[in-house]
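Read through the structure below, which is laid out as structure tokens, and then see the notes.
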Amino acid sequence: MKKKLAVLLTLAMTVGALTACGGSGDKGGSALSGESAPAKEEASGDTADDAKTEDSAGSEAASGPITIDFWNSWTGPDGDTLVAKVNEFNETNQWGITINMDISSEFGEKLATTLPTGDCAPLILMGTGDRFRYGEYLLPIDDLWDNTTLAEADFNPNAIEVCKTDGVLYALPFQNSLYYMYWNKTLFEQAGLDPEAPPQNFEEWAEYAAKITNPDANVYGSGLFLSYGNQEMCVMGIEGGWAVNKADDGKWSVDIEGNQGYIDYLTWMKELYNNEDNPVENEIDSMFKANQIGIMVNGPWLAAGADESGVNFGMCKIFGNEPQGDVAGFFVTSGATEEERIACERFMQWWYTGNEGTDLTQTGAGAWSLSIGFPTAYLPLAETEAYTSNERLSALALDDTSKDSLWITTDPDFQGWGEAVTAMGNLKQAVVYDTPIEDALAATQAEVEALVKTYEGEDALAE
């Protein structure tokens with residue numbers, strides 16, 4: 001147990017980065033301490049009445065009032081929406097369930113210390129890549145489809161796929177944390193660029209960035225992060241693909257050293273820094289919201305803060321490519337009782353369908369898409385008029401539902417995904433600080449090959 005706990009503590013630092021996708025303000029504490037959710041607005045979208053209307057197997061397991069602890073790290077502006085919807089659930093759900101939510105920037109550390117002892121909250125939100133890391137402390141939830149009105153066929157297949165381990169469901173998708181290009185239209189205009197025409201390739205990105213950069217105003221044309229692996233791999237992967245791949249025979253390959261796409265990207269990236277068109281830091285979100293960044297890559301969570309700050313910006317797929325990212329999901333921990341597990345599943349149902357007769361656009365999932373801007377994994381919501389007529393969501397939607405169109409950095413089955421993300425961020429940082437590209441790639445190749453052996457076995461690498 002001590003060894004497992006030590007591993008969890010070592011890995012905990014990466015969990016918050018993978019799950020807290022909404023800025024840096026800490027909103028720790030129960031959701032019940034927040035303001036009540038606003039009254040529901042009238043809407044014309046579909047309702048949940050077309051789905052199953054009665055609970056089946058779970059009806060007796062959770063028949064009385066119950067309080068469920070719910071932990072997550074959504075500390076940014078999107079956390080406000082989560083608080084409001086949890087409060088709404090507590091006030092209106094038919095089962096007498098109360099969700100006691102704690103949002104904390106120390107979420108990863110809390111998991112590391114409480115999962116091994118069985119003291120973790122029954123319900124947690126985290127990146128689905130962490131199902132490998134914490135697998136023995138998570139409950140399978142395949143019975144969700146029997147215990148609730150939800151149907152697996154109503155979810156985007158690629159989002160469901162990365163919630164499973166060996167075909168067993170361990171999470172329900174909460175959000176598609178996909179990454180997009182942002183550009184500041186005001187800065188484009190000031191630089192003499194068309195504010196409705198973002199760059200369509202790497203050359204245009206660099207060209208536009210050089211025109212936008214204004215040292216006197218602390219404005220940078222480009223906003224690449226210094227060392228965040230996710231954002232960088234969304235762009236780097238356009239040229240070089242995944243860093244870790246799984247073959248049909250089950251063997252793994254690490255494709256970093258000598259990867260010409262990575263070499264081309266890192267050469268292009270380093271020139272942006274050398275020309276001082278990109279700041280040497282990671283606080284790019286705040287700079288974008290302060291009208292100091294012309295072009296950057298990030299997820300939908302940035303949009304709400306940028307809107308609130310009055311930034312005139314656009315969002316689109318990166319050079320027209322299918323968006324990549326990761327999926328965050330609802331998990332039930334192994335310390336949950338049967339009654340608690342059923343209550344958690346009922347909350348998941350409510351998040352997507354609301355109470356009987358609720359317009360889908362007014363559900364938790366509806367708010368997450370229509371108010372914040374996350375493309376949904378729930379197909380009935382995606383088919384509503386409010387969703388399909390939303391210009392921003394339509395521009396960001398996946399064009400297909402294949403597994404390959406979604407995940408980032410590595411094959412989604414790679415158990416060391418989180419550490420590989422970190423390694424790729426460190427690779428980029430090393431190059432920024434003048435490590436020769438070939439040397440940085442070779443060192444990262446060796447580091448990630450070691451991760452494959454650690455997580456997949458000493459003989460897991462292809463010859």
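Each residue of the sequence shown is one higher than the last, beginning at 1 in the working numbering.
All residues carry an ideal CB built from backbone N, CA and C; glycine is no exception.
Since this is a predicted model, take the numbers as computed values, not measurements.
Just list the residues that DSSP pairs residue i with in beta bridges.
i      : result
Cys316 : Met181
Gln175 : Ala328
Ile97  : Ile66
Lys164 : Leu169
Ser253 : Asn245
Thr410 : Val244
Asp478 : Nothing about residue 478 can be reported from this structure: the residues present for the chain run from 1 to 463 only.
Ile103 : Asn72
Ends of the beta strand (DSSP E) at residue i?
i      : result
Lys468 : Only positions 1 to 463 of the chain appear in this structure, which leaves residue 468 out of reach.
Asp326 : Gly325 to Val332
Tyr378 : Unbroken run through Tyr378: none, as it is neither H nor E.
Gly294 : Ile293 to Asn298
Skipping 5 residues on each side, what residues in its chain have a beta carbon closer than 7 Å to that of residue i?
i      : result
Val244 : Trp252, Val254, Thr410, Asp411, Phe414, Ala420, Val448 and Val452
Gln324 : Leu178, Tyr179, Cys234, Gly237, Leu406, Trp407 and Ile408
Gln94  : Asn355
Met13  : Because Met13 carries a pLDDT of 39, less than 50, the predicted location of this residue cannot be relied on, and the following value inherits that uncertainty. Closer than 7 Å at the Cβ level, and outside the excluded window around Met13, lie Gly108.
Ser227 : Asn282, Gly425, Asn426, Lys428 and Gln429
Can you look up residue i in the DSSP assignment and give me helix, strand or coil?
i      : result
Gln260 : helix
Glu445 : Note on identity: in this sequence residue 445 is Gln, with Glu being the wrong assignment. The answer is helix: DSSP assigns Gln445 an H, G or I state.
Asn230 : helix
Tyr170 : coil
Asp359 : strand
Thr454 : helix
Phe70  : strand
Ser286 : helix
Gly237 : helix
Trp351 : helix
Ser394 : helix
Ser468 : With the chain running from 1 to 463 in the structure shown, residue 468 is simply not present.
Leu187 : helix
Ile141 : coil
Ala460 : coil
Gln220 : It is Tyr, not Gln, that sits at residue 220 in the sequence shown. DSSP places Tyr220 in strand when its eight states are reduced to three.
Leu123 : strand
Glu271 : helix
Gly108 : helix
Asp154 : helix
Glu322 : coil
Leu193 : coil
Val83  : helix
Thr114 : helix
Phe225 : coil
Thr92  : helix
Pro465 : Examination of residue 465 is not possible in this model, given that the chain is present from 1 through 463 alone.
Assuming the contact rule is C-beta atoms closer than 8 Å, residue i and residue j should be a hit. Round their C-beta distance to whole Å, please.
i      : j      : result
Ile97  : Ile141 : Not confirmed; about 16 Å, so no contact.
Asn184 : Ile293 : 6 Å
Leu467 : Val332 : For the chain, the structure presents residues 1 to 463; residue 467 sits outside this window and is missing.
Ala377 : Ala159 : 4 Å
Phe174 : Ala328 : 5 Å
Thr361 : Thr384 : 6 Å
Leu302 : Tyr182 : 7 Å
Thr444 : Gly416 : No, Thr444 and Gly416 are not in contact; Cβ-Cβ is about 13 Å, not under 8 Å.
Lys403 : Glu161 : 5 Å
Asn100 : Asp69  : 5 Å
List the endpoints of the continuous alpha helix (DSSP H) containing residue i.
i      : result
Trp368 : No alpha helix (DSSP H) holds Trp368; DSSP gives it neither H nor E.
Tyr208 : Phe202 to Ile212
Arg158 : This sequence places Asn at residue 158; Arg is not what is there. Unbroken alpha helix (DSSP H) run through Asn158: Pro157 to Glu161.
Thr422 : Trp417 to Val432
Thr337 : Note, Thr337: premise wrong, no alpha helix (DSSP H); not H, not E.
Asp130 : Asp130 to Arg133
Gly305 : Trp301 to Glu308
Glu281 : Segment: none, Glu281 is in no alpha helix (DSSP H) and carries neither H nor E.
Glu276 : Careful: Glu276 lies outside any alpha helix (DSSP H) and carries neither H nor E.
Glu385 : Glu385 to Thr388
Can you find the residues in the same chain that come closer than 6 Å, C-beta to C-beta, to residue i, ignoring five residues on each side of it along the sequence?
i      : result
Ala153 : none
Ala460 : Trp252 and Val452
Asp264 : Glu239
Lys270 : Val431
Return the chain-ordered list of same chain residues with a C-beta closer than 8 Å to the C-beta of residue i, the five sequence neighbours on each side being excluded.
i      : result
Trp145 : Ala151 and Glu152
Leu471 : Outside the shown range of the chain, which is 1 to 463, sits residue 471, and nothing can be said about it.
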